[in-house]
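Peer 1: Residue numbers (my numbering), protein chains in the order written: chain A, 15 to 347; chain B, 1023 to 1342.
Using N, Cα and C, we set each Cβ at its ideal position, and we do this for glycine too.
One structure, pasted below without further comment.
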Ligand SMILES: Nc1ncnc2c1ncn2[C@@H]1O[C@H](COP(=O)(O)OP(=O)(O)OP(=O)(O)O)[C@@H](O)[C@H]1O
Ligand SMILES: Nc1ncnc2c1ncn2[C@@H]1O[C@H](COP(=O)(O)OP(=O)(O)OP(=O)(O)O)[C@@H](O)[C@H]1O
Ligand code: SF4
Ligand SMILES: [Mg+2]
Ligand SMILES: [Mg+2]
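Following this line, the structure appears as structure tokens:
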């Protein structure tokens, strides 16, 4: 299958008052046509910045570098401003974590939806409006025609989010980057939107990069999962591998924090990972998780590569196979 | 005068109507965001609210906070009308944590100033004390001291949400209205924040209204749960009733759509059909009937009455 996205060693640096921040530290991944890659991980670990990097939408002061960063065979870092314009919203569309970043408060949602399509494709206002209504209904907004004249602030959080999802789908993109697309929605609408994404994926072989904290969504949507911590992938694999045989201590910690009805007593304290993420300012050495890891040892002070654990399952941890197997067994028990 | 079993906050027969423009020259139509809602919040309890996106949860929260006037009905704080209270006095006792941290944090202010603002507005303590309190609360929400001088746009979504939580909690309010407080957080930070909210509850006898789409979180925390659909409360019960024995067909549909972290299970079918309700033109009879798998003839014409079954209150013809 063809790769829609190929990224090698993606790095983002942002100068801040205290020094150089390294929020994304060498990501390598690919996304195939029709595939869903889910990225989960610590809040602040660089998920959104990585997504913005693909769209080349980082703040101006940020420095972005990669050995390779291609979208449909073309080098994103070398695209001209007009090529980027043409790619964004059209072939590659993003559903932002905060819907208000994508919506202009002073235009009606109808205006904004029609505008995205007309900017990129030669269609009439009437055709664009029809597509807007079709998609709004698909994302579960009734009386869509009457919603077109509303302004963003007149919509509930979840309605706004669905407008943004519809907007991202207007041009029928090859890749959709969805940053927390359904967290603002109730679970029934969430299920319906996930069905819609899967449908479009099957029909048009759309690739999806899905960033979410909702491990339920990840488990049900992902072909592949990447677990991110402090700017790096610490574990990658299929959904089956990551959920059923998590090997990295961070992944194991994360999975143990979910309240499981029936297992976690109501009102009891929830499992958590003690400690906080290290500062990403300046040079870093060693495993970034070591200060919080229950299994850390001296070797964790050395840099740790992402290594193969089994077939498509990779981990960034110094522990040897026997140690990891035994803590992995403990984690699932 | 307050009495120990007077609810700390109470909504009585609240209606909220928005007038919606139908487009150029087409006039306006009413949107009934809340349609006769009565809710009591008792001291020291966690009241969970779940429901359809757009069913009126945030509107209800804003009315409880005194930030929005209801179209009709009354809001009582300690049994007295909210109307007689100054906004400043209300905000000292009732603090919000809003859904969208992006629009609720001033982009031109530094994080330290954002968090200490409530202390300054209420004239509590001196600058040295402000700083001490800010650092203390930052630590509690799991943010390092180094973010104090950052601006909101230099923080990730989850970090911003923790700033909003810190700002609400620094006042040690009596009542916290949480609108999706942890949905922007990863599960490890989420459990840290939820543990913190529960500790504060025990320590300071806090009362929470907890709006969330995450049913497992609501099940875990709430003492009582309200399920809303299109501006009405359709079911109300303690969490064990709601989650182990849902009565209302909408509650059932909600529970059936929860995605547990089990790979290979796919996304369940909600069995709700695509006839989403239009709040401008709500369905006749039971507002849920066009999507209800168990709807009967009577559901199309008559609105169901509230029924009490054991510890559950349900609005559904199935139980009449
Ligand atoms: N414009 C900026 N200037 C300085 N630092 C920034 C900027 N944008 C993001 N950061 C920092 O970079 C890190 C990564 O941010 P990012 O938004 O990618 O996190 P995330 O993984 O998406 O987190 P979340 O799950 O909370 O949304 C964070 O520590 C954040 O504080
Ligand atoms: N200022 C406003 N003007 C017009 N309509 C509004 C306004 N605020 C809210 N509404 C409408 O009222 C209804 C209820 O909105 P509300 O924000 O309370 O929903 P919600 O239950 O919080 O939804 P969500 O879970 O999506 O946040 C929605 O149909 C919304 O579009
Ligand atoms: S009243 Fe009728 S339509 Fe409404 S929920 Fe009950 S069975 Fe379904
Ligand atoms: Mg983010
Ligand atoms: Mg809301």
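What residue ranges within the segment 215-292 of chain A form continuous beta strand (DSSP E) runs of no fewer than 3 residues, ordered along the chain?
Peer 2: 221-225, 238-243 and 246-252
Peer 1: Against residue 1125/B, what residues of chain A qualify as contacts under a CB-to-CB distance less than 7 Å, listed in chain order?
Peer 2: Numbered from its first residue, the second chain carries residue 1125/B at position 103. The answer, in chain order, is 114.
Peer 1: Note down the Cα distance separating residue 300/A from residue 317/A, rounded to an integer number of angstroms.
Peer 2: Residue numbering aside, residue 300/A sits at position 286 when the first chain is read from its first letter. Residue numbering aside, residue 317/A sits at position 303 when the first chain is read from its first letter. Rounded to whole angstroms, residue 300/A to residue 317/A spans 4 Å at the Cα level.
Peer 1: Any contact of the segment 145-153 of chain A with the segment 61-76 of chain A, i.e. 3+ C-beta pairs under 8 Å?
Peer 2: no
Peer 1: The segment 240-255 of chain A: which residues have C-beta closer than 7 Å to a C-beta of chain B, in chain order?
Peer 2: 253 and 254
Peer 1: Quick check on residue 403/A: buried or exposed, where buried means 16 or more other Cβ atoms within 10 Å of its Cβ?
Peer 2: This structure cannot settle anything about residue 403/A, because the visible part of chain A is limited to 15 through 347.
Peer 1: Which parts of the segment 23-48 of chain A are runs of the beta strand (DSSP E), unbroken and 3 residues or longer, counting only runs that do not cross its ends?
Peer 2: The qualifying runs are 33-46.
Peer 1: For residue 1313/B, which of helix, strand or coil comes out of DSSP?
Peer 2: Translated into positions along the second chain, residue 1313/B becomes position 291. In this structure, residue 1313/B counts as helix in the three-state DSSP scheme.
Peer 1: Does the distance from the C-beta atom of residue 1145/B to that of residue 1112/B stay below 8 Å?
Peer 2: One-based indexing of the second chain puts residue 1145/B at position 123. One-based indexing of the second chain puts residue 1112/B at position 90. Cβ atoms of residue 1145/B and residue 1112/B: not closer than 8 Å.
Peer 1: Once you ignore the five residues that flank residue 1253/B on each side, which residues in its own chain have a CB closer than 7 Å to its CB?
Peer 2: Translated into positions along the second chain, residue 1253/B becomes position 231. Closer than 7 Å at the Cβ level, and outside the excluded window around residue 1253/B, lie 1054, 1055, 1056, 1057, 1077, 1078 and 1301.
Peer 1: Please identify the residue among 101/A, 336/A and 272/A whose C-alpha is closest to the C-alpha of residue 1209/B.
Peer 2: As a first step, residue 1209/B is located in the second chain; it is residue number 187 there, counting from the start. Nearest option by C-alpha distance: 272/A.
Peer 1: Since residue 1132/B and residue 1175/B should fall inside the 8 Å C-beta cutoff, what is the C-beta to C-beta distance between them, to a whole number of angstroms?
Peer 2: For the purposes of this step, residue 1132/B is taken as the residue at position 110 of the second chain. For the purposes of this step, residue 1175/B is taken as the residue at position 153 of the second chain. The pair is not a contact, with the Cβ atoms about 12 Å apart (cut-off 8 Å).
Peer 1: How would you list, in chain order, the residues of chain B whose beta-carbon sits under 8 Å from the beta-carbon of residue 62/A?
Peer 2: If you number the first chain from 1, residue 62/A lands on position 48. Within 8 Å Cβ-Cβ: 1178 and 1179.
Peer 1: Could you tell me which uninterrupted alpha helix (DSSP H) segments, each at least 4 residues in length, are contained entirely in the segment 109-134 of chain A, listed from first to last along the chain?
Peer 2: 113-116 and 123-134
Peer 1: Distance check for residue 245/A and residue 59/A, CA to CA, integer angstroms please.
Peer 2: One-based indexing of the first chain puts residue 59/A at position 45. One-based indexing of the first chain puts residue 245/A at position 231. Each residue's alpha carbon lies about 5 Å from the other.
Peer 1: Can you check DSSP and say which residues form a bridge with residue 1173/B?
Peer 2: Within the second chain, numbered from 1, the residue matching residue 1173/B stands at position 151. DSSP, once it has assigned bridges, lists no residue as partnering residue 1173/B.
Peer 1: Does residue 1005/B come out as helix, strand or coil in the three-state DSSP assignment?
Peer 2: The question about residue 1005/B has no answer, for chain B in this structure spans 1023 to 1342.
Peer 1: Is any heavy atom of ligand 6 found at a distance shorter than 7 Å from the C-beta of residue 60/A?
Peer 2: Ligands displayed in this structure: ligand 1, ligand 2, ligand 3, ligand 4 and ligand 5; ligand 6 is not among them.
Peer 1: Along the alpha helix (DSSP H) that carries residue 57/A, what are the first and last residues, could you check?
Peer 2: Working through the first chain from its first residue, we reach residue 57/A at position 43. That residue, residue 57/A, is in no alpha helix (DSSP H); it is neither H nor E in DSSP.
Peer 1: Counting only runs of 4+ residues fully inside the segment 1074-1119 of chain B, write out the alpha helix (DSSP H) ranges in chain order.
Peer 2: Correct list: 1079-1086 and 1109-1115.
Peer 1: Which same chain residues end up closer than 6 Å to residue 1321/B when comparing Cβ atoms and leaving out the 5 residues on each side of it in sequence?
Peer 2: Against the second chain, residue 1321/B aligns to sequence position 299. So the list reads 1307, 1308, 1311 and 1339, once near-sequence residues are dropped.
Peer 1: Counting C-beta neighbours from all protein chains within 10 Å, is the total for residue 1192/B 16 or more, i.e. buried, or is it exposed?
Peer 2: For the purposes of this step, residue 1192/B is taken as residue 170 along the second chain, with counting starting at 1. Flag for residue 1192/B reads buried.
Peer 1: In chain A, which residues lie less than 8 Å from residue 1346/B when you measure between Cβ atoms?
Peer 2: A query on residue 1346/B cannot be resolved here, the shown segment of chain B reaching from 1023 to 1342 and no further.
Peer 1: Please indicate yes or no: does the CB of residue 111/A lie closer than 7 Å to some heavy atom of ligand 4?
Peer 2: As a first step, residue 111/A is located in the first chain; it is residue number 97 there, counting from the start. Residue 111/A Cβ: within cutoff of ligand 4.
Peer 1: Please report the Cβ distance between residue 1283/B and residue 1274/B, rounded to the nearest whole angstrom; I am assuming they are in contact, meaning their Cβ atoms lie under 8 Å.
Peer 2: Numbered from its first residue, the second chain carries residue 1283/B at position 261. Numbered from its first residue, the second chain carries residue 1274/B at position 252. That belief does not hold up - the Cβ atoms of residue 1283/B and residue 1274/B are roughly 21 Å apart, past 8 Å.
Peer 1: Taking only beta carbons into account, state which residues of the segment 1215-1229 of chain B come closer than 9 Å to chain A, listed in chain order.
Peer 2: The segment 1215-1229 of chain B vs chain A, Cβ under 9 Å: 1216, 1217, 1220 and 1221.
Peer 1: Does the Cβ of residue 1271/B have 16 or more other Cβ atoms within 10 Å, making it buried, or fewer, making it exposed?
Peer 2: Stepping through the second chain from its first residue, residue 1271/B is reached at position 249. Buried, since its Cβ has 16 or more Cβ neighbours within 10 Å.
Peer 1: Of the choices 61/A, 136/A and 287/A, whose alpha-carbon is the least far from that of residue 104/A?
Peer 2: Here residue 104/A corresponds to residue number 90 of the first chain, with the count starting at 1. Minimum Cα distance to residue 104/A is reached at 136/A.
Peer 1: Helix or strand or just coil, what does DSSP make of residue 1055/B?
Peer 2: One-based indexing of the second chain puts residue 1055/B at position 33. DSSP places residue 1055/B in strand when its eight states are reduced to three.
Peer 1: For the beta strand (DSSP E) containing residue 1019/B, list its first residue and its last residue.
Peer 2: Here chain B comprises residues numbered 1023 to 1342, so residue 1019/B is not present and cannot be evaluated.
Peer 1: Tell me which residues share the same chain as residue 1025/B and place their Cβ nearer than 6 Å to its Cβ, disregarding the 5 neighbours each side in the sequence.
Peer 2: Numbered from 1 along the second chain, position 3 holds the residue referred to as residue 1025/B. Residue placement at residue 1025/B is flagged as unreliable, the pLDDT there being 49, under the threshold of 50; the coordinate-derived value follows with that caveat. Counting only Cβ-Cβ distances below 6 Å, and skipping sequence neighbours, we find nothing.
Peer 1: With residue 1220/B as the anchor, note down where its alpha helix (DSSP H) starts and where it stops.
Peer 2: What you label residue 1220/B is simply residue 198 of the second chain in a count that begins at 1. From DSSP, the alpha helix (DSSP H) with residue 1220/B extends over 1209-1226.
Peer 1: If you pair each beta-carbon of the segment 86-93 of chain A with each one of the segment 1213-1224 of chain B, do three or more pairs fall below 8 Å?
Peer 2: Short answer: they don't touch.
Peer 1: Quick one: is residue 1164/B near chain A, going by C-beta distance under 8 Å?
Peer 2: By one-based count along the second chain, residue 1164/B stands at place 142. So, interface residue.
Peer 1: Classify residue 1142/B: buried if its beta carbon has 16 or more other beta carbons within 10 angstroms, exposed otherwise.
Peer 2: The count along the second chain starts at 1 and reaches residue 1142/B at position 120. Exposed, since its Cβ has fewer than 16 Cβ neighbours within 10 Å.
Peer 1: What residue does the alpha helix (DSSP H) around residue 1323/B start on, and which one ends it?
Peer 2: Counting from one through the second chain, the residue named residue 1323/B turns up at place 301. Element bounds for residue 1323/B: 1319-1323.
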